[in-house]
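If you read the sequence shown in UniProt numbering, its first letter stands for residue 1, the second for the next number, and so on. Beta carbons: idealized from backbone N, C-alpha and C, even for Gly. Accompanying notes for the structure given below.
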Amino acid sequence: MLPPSAAALVAHRRLGNVDARMGAALAVGTALGSALGSSVAVDAPRGALELMFMGGMLFLSYRTFRTVRR
1 MLPPSAAALV AHRRLGNVDA RMGAALAVGT ALGSALGSSV AVDAPRGALE LMFMGGMLFL
61 SYRTFRTVRR
């Protein structure tokens with residue numbers, strides 16, 4: 001996936017569609033979030049991650065269905 005992504009980045013950069021500062025900020029946030037998330041996941045009690053995932057999916061489905069009704 002890296003070569004096609006790099007080619008797309010170069011093409012979009014030439015067109016002026018790339019915000020390097022935003023990309024750097026997202027990269028830093030992703031790196032910090034993945035490091036923190038993986039350390040929490042290793043130390044989490046059994047079943048806790050599944051419950052958190054279920055809660056997140058319920059929240060997202062609630063928000064999705066709430067907007068569909070309008």
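Endpoints, the alpha helix (DSSP H) within which residue 46 is located: For residue 46, no alpha helix (DSSP H) segment is defined, and its DSSP state is neither H nor E.
field: residue 23, DSSP secondary structure in three states
entry: Looking at residue 23 - three-state DSSP - the assignment turns out to be helix.
task: Put residue 18 into one of helix, strand or coil per three-state DSSP.
output: Of the three classes helix, strand and coil, the one that applies to residue 18 here is coil, per DSSP.
query: How about residue 9 and residue 18: are their beta carbons less than 8 Å apart?
result: Yes. Within cutoff.
message: Just to confirm, is the Cβ distance from residue 49 to residue 41 under 8 Å?
response: Against a cut-off of 8 Å, the Cβ pair of residue 41 and residue 49 comes out as a contact.
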